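Engineer:
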Amino acid sequence: MTSRKDVEGQPRSRCASPGCSSEGAKKLVRGPPNSVPREDRVDSSGTGILRLNASALSDPHALLLDLYSDPIPTPFRALIDSGSSHCFIDSEFAKVHHLPTTAVTPIRLQLFDGTSNQLINLFTSLPVHFPSGEVLNIDFYVTPLDKSVSAVLGYSWLSAYNPLIDWKKRSVQFRSAPPTRPVSDPTVPPPAPAVRTPVTPEPPTLTSPTPTSAPRISLVNAAAFARACKLSGSASYTLNLTASDLATARSSSLSDSPPDLTGVPEEYHEFADVFSKTKADILPEHRPYDLKIDLEEGATPPLGPIYSLSKLELDTLREYIDENLRSGFIRPSNSPCGAPVLFVKKKDGSLRLCVDYRGLNKITRKDRYPLPLVSDLLDAPRKARIYTKIDLRHAYNLVRIAPGDEWKTAFRTRYGSFEWLVMPFGLSNAPAAFQRFVNDIFADMLDVCVIVYLDDILIYSDNPEQHRKHVKEVLRRLRKHRLYARADKCEFHTDSVEYLGYILSPSGLTMAELKVKAILDWPEPRKVRDIQSFLGFANFYRRFIPNYSEIVLPLTRLTRKSVPWQQLL
1 MTSRKDVEGQ PRSRCASPGC SSEGAKKLVR GPPNSVPRED RVDSSGTGIL RLNASALSDP
61 HALLLDLYSD PIPTPFRALI DSGSSHCFID SEFAKVHHLP TTAVTPIRLQ LFDGTSNQLI
121 NLFTSLPVHF PSGEVLNIDF YVTPLDKSVS AVLGYSWLSA YNPLIDWKKR SVQFRSAPPT
181 RPVSDPTVPP PAPAVRTPVT PEPPTLTSPT PTSAPRISLV NAAAFARACK LSGSASYTLN
241 LTASDLATAR SSSLSDSPPD LTGVPEEYHE FADVFSKTKA DILPEHRPYD LKIDLEEGAT
301 PPLGPIYSLS KLELDTLREY IDENLRSGFI RPSNSPCGAP VLFVKKKDGS LRLCVDYRGL
361 NKITRKDRYP LPLVSDLLDA PRKARIYTKI DLRHAYNLVR IAPGDEWKTA FRTRYGSFEW
421 LVMPFGLSNA PAAFQRFVND IFADMLDVCV IVYLDDILIY SDNPEQHRKH VKEVLRRLRK
481 HRLYARADKC EFHTDSVEYL GYILSPSGLT MAELKVKAIL DWPEPRKVRD IQSFLGFANF
541 YRRFIPNYSE IVLPLTRLTR KSVPWQQLL
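In case it helps, UniProt numbering puts the sequence shown at residues 1 to 569.
#1: Between Asp391 and Arg486, which are expected to be in contact by the criterion C-beta below 8 Å, what is the C-beta distance as a whole number of angstroms?
#2: Could you give the DSSP three-state label for Glu297: helix, strand or coil?
#3: Take Asp503 as the anchor and find which of Ala443, Ser375 and Gln435 has the nearest alpha-carbon.
#4: Exposed or buried, which one is Glu202 when buried takes at least 16 other CB atoms within 10 Å?
#5: Figure out for me which residue from Trp407, Ser428 and Arg557 has the closest Cα to the Cα of Pro370.
#6: Are the Cβ atoms of Phe437 and Tyr548 separated by less than 8 Å?
#7: Could you tell me if His269 is buried or exposed, where buried requires 16 or more neighbouring beta carbons within 10 angstroms of its beta carbon?
#8: Could you check whether Asp456 and Tyr499 sit closer than 8 Å to each other, using their CB atoms as the reference points?
#9: Contact check, Trp157 vs Cys87 under 8 Å by CB: the rounded distance?
#10: Would you check if the distance between the CB atom of Lys279 and the CB atom of Tyr484 is smaller than 8 Å?
#11: Taking the alpha-carbon of Leu50 as reference, which of Leu111, Glu524, Ser335 and Arg479 has the nearest alpha-carbon?
#12: List the DSSP bridge partners of Phe88.
#13: Buried or exposed: where does Phe544 fall if 16 or more other Cβ atoms within 10 Å of its Cβ makes it buried?
#14: Counting only runs of 4+ residues fully inside the segment 352-403, write out the alpha helix (DSSP H) ranges in chain order.
#15: Can you pull the DSSP bridge partners for Glu419?
#16: Determine the DSSP secondary structure at Ser276, reduced to helix, strand or coil.
#17: Where does Ile306 land, buried or exposed, given buried means 16+ other C-beta within 10 angstroms?
#18: Can you name, in chain order, every residue of its own chain whose Cβ lies under 6 Å from the Cβ of residue 587, other than the five neighbours on each side?
#19: To which residues of the same chain is Glu419 closer than 7 Å at the C-beta, ignoring the five residues directly before and after it?
#20: Specify the secondary structure class of Tyr484 as computed by DSSP and reduced to three states.
#21: Starting from Arg108 and walking both ways along the beta strand (DSSP E), at which residues does that stretch end?
#22: Pull up the distance between the alpha-carbon of Leu421 and that of Glu524, whole angstroms please.
#23: Which two residues bound the contiguous beta strand (DSSP E) that contains Trp548?
#24: Quick one: is Phe275 buried, meaning 16 or more other Cβ sit within 10 Å of its Cβ, or exposed?
#25: May I ask you to report which of helix, strand or coil DSSP gives residue 570?
#26: For the segment 126-143 against the segment 62-79, do three or more pairs of beta-carbon atoms, one drawn from each stretch, fall closer than 8 Å, so that the two count as touching?
#27: Assuming Tyr453 and Leu377 form a contact by the criterion Cβ under 8 Å, report the distance between their Cβ atoms to the nearest whole angstrom.
#28: Can you tell me where the beta strand (DSSP E) holding Ile451 begins and where it ends?
#29: Please report how far the alpha carbon of Cys354 lies from the alpha carbon of Phe425, in whole angstroms.
#30: How many whole angstroms separate the CB atoms of Ala380 and Ile451, which I take to be in contact at a CB cut-off of 8 Å?
#31: Measuring alpha carbon to alpha carbon, tell me which of Lys311, Glu550, Gln435 and Ile519 ends up nearest Gly536.
#32: Take Ala78 as the anchor and find which of Ala299, Pro71, Ala62 and Asp488 has the nearest alpha-carbon.
#33: Note down the Cα distance separating Gly154 from Leu283, rounded to an integer number of angstroms.
#34: Could you work out which residue in Val474, His493, Tyr541 and Pro464 is closest to Gly501 when comparing CA atoms only?
#35: With distances taken Cα to Cα, identify the nearest neighbour of residue 573 among Asp462, His470, Asn463 and Ala430.
Right, here's the structure in full:
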């Protein structure tokens, strides 16, 4: 690899590694060495040289990443190499995928051994999706590369983003929100149009240009901008950009209409962002509570079938995939495993997509973090006089999958394989992971003024003044940890509330009306399994029925193998 001085155009340090030979350097760049015409020279306005370190491919410790980009349907392999001065992409790869390229002032390409056998006069800009979830716009110079890689991320990218590289896990993470575009090396002229045609200025009009008429902005430093301003008839524009948090930057690109706060008391409108649907649809950052999927030793997730689906199901599937791709919750996958998808009908007749993770769950080491017992939860608020219930939005999707475990969540569809970046429904350890998360957030408030069961939060107090303080503190913590609530499903300042199938009020605990109706309307049992199902449901409410065991004794006898069913009908 080259030294920092080599990148800046100063004398290079010598490398004693056998992989740094002239032959090794020439291996990466395809094409005849004498293919550059004599008249092709670096433009006099720039004296910079691009350097490409070909020998890095022969290094067994070279860091290769599988990346994604919206214009490219499949993952492509990129080499991270500080010995290369800039970012490069294979010309054949760009041609096959019809990547848009822009002509730039010809720049000399120098190999690691000092030889220079061609000029580069094209570049392209791509939105690149990294395994850690970040999406960065990267400028690539277009040149022939060895077939083993499609792109090289060089020193200009490393110095601009300063990523954390884990060589053991072969992964890349970012320290903070990265800039939107790397800073150019001052010794290399920035990508700028090779030919500029002066245009006669037209009188200003009141009509705004359409998106399709907007010119490509390719001037990225002061020197190139100053040169462009001197051209006759050119129009100049400046824009001041400030650094922003990654999640904030993504949310600002979405049209976030103000949330509907109809049912939210005005005193809590300062927390309007906590009820934002748009913010809840943004890929969350990695946290210590990321879901880790630890497999049994030697086990591999299975490759499931692709089930036949109806037209309605296919339409629902496509909508589901498109929505989650836009949110960044899923990404295309080349995982060797994949769970099948199927659909179940909701009460309103619409379809719910389910990923069948039974094969993965079977070989997953279980997280034994306990879920609270409902009967114990309801003891604390029984003497309270005022309640507020908060229902979290996309609760599981607010927790990320641990880096490196995303491939295990892959699911297969007719439209390709995809993997989750956030925690989906159906994973065996998802409830425990989320309960741990919310318990830690409200640890000092649990059983004092708050109870939490997964995504259902109940706040209870003895008087209204105290209750307002409790609610504001809960909303403050939700904002801090970027958890979001559904305003239409929340209830504020009520003297009775339905929670987990029960009605809580100052007068005591009662059963929810819908649950009672379900028992009264239960169909007559016709087999042992029907009776077992009914008893399992009824047992949940035995605390409300005096002498419950005596009442259900005849039904319990029907479940015995030694008792013929006909004798008790």
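Heads up, the beta-carbon is just placed ideally off N, CA and C, and yes, glycines get one too.
Since this is a predicted model, take the numbers as computed values, not measurements.
Structural biologist: Checking against the coordinates, here is how it stands:
#1: With 8 Å as the limit, Asp391 and Arg486 qualify as a contact, their Cβ atoms being about 5 Å apart.
#2: coil
#3: Note on identity: in this sequence residue 503 is Ile, with Asp being the wrong assignment. Ile503 has its Cα closest to that of Ser375, out of Ala443, Ser375 and Gln435.
#4: Unreliable placement is indicated for Glu202, whose pLDDT of 40 sits below 50; the coordinate value is still reported in the next sentence. Per the 10 Å Cβ criterion, exposed.
#5: Ser428
#6: No.
#7: exposed
#8: yes
#9: 5 Å
#10: Yes, the pair counts as a contact, with Cβ atoms nearer than the cut-off.
#11: Leu111
#12: Tyr141 and Val152
#13: exposed
#14: 358-362 and 374-377
#15: Arg331
#16: Note: Ser276 maps to coil in three-state DSSP.
#17: Classification for Ile306: exposed.
#18: No statement about residue 587 is possible, as the shown extent of the chain runs from 1 to 569 and does not include it.
#19: Ile330, Arg331, Ser333, Ser335, Glu406, Trp407, Thr409 and Ala410
#20: Secondary structure of Tyr484 (DSSP, three-state): coil.
#21: Thr102 to Leu111
#22: 45 Å
#23: With the sequence shown as reference, residue 548 is identified as Tyr, and Trp is not the correct amino acid for it. That residue, Tyr548, is in no beta strand (DSSP E); its alpha helix (DSSP H) goes Tyr548 to Ile551.
#24: Flag for Phe275 reads buried.
#25: Residue numbering for the chain in the displayed model covers 1 to 569; residue 570 lies beyond these limits and cannot be assessed.
#26: yes
#27: With a Cβ gap of about 6 Å, Tyr453 and Leu377 count as contacting.
#28: Val450 to Tyr453
#29: The alpha-carbon atoms of Cys354 and Phe425 are separated by roughly 8 Å.
#30: 6 Å
#31: Relative to the Cα of Gly536, the nearest Cα in the group Lys311, Glu550, Gln435 and Ile519 belongs to Ile519.
#32: Looking at the Cα atoms, Ala62 is the closest of the given residues.
#33: 27 Å
#34: Tyr541
#35: Lying before the first or after the last residue shown, residue 573 is absent from the chain, which here runs from 1 to 569.
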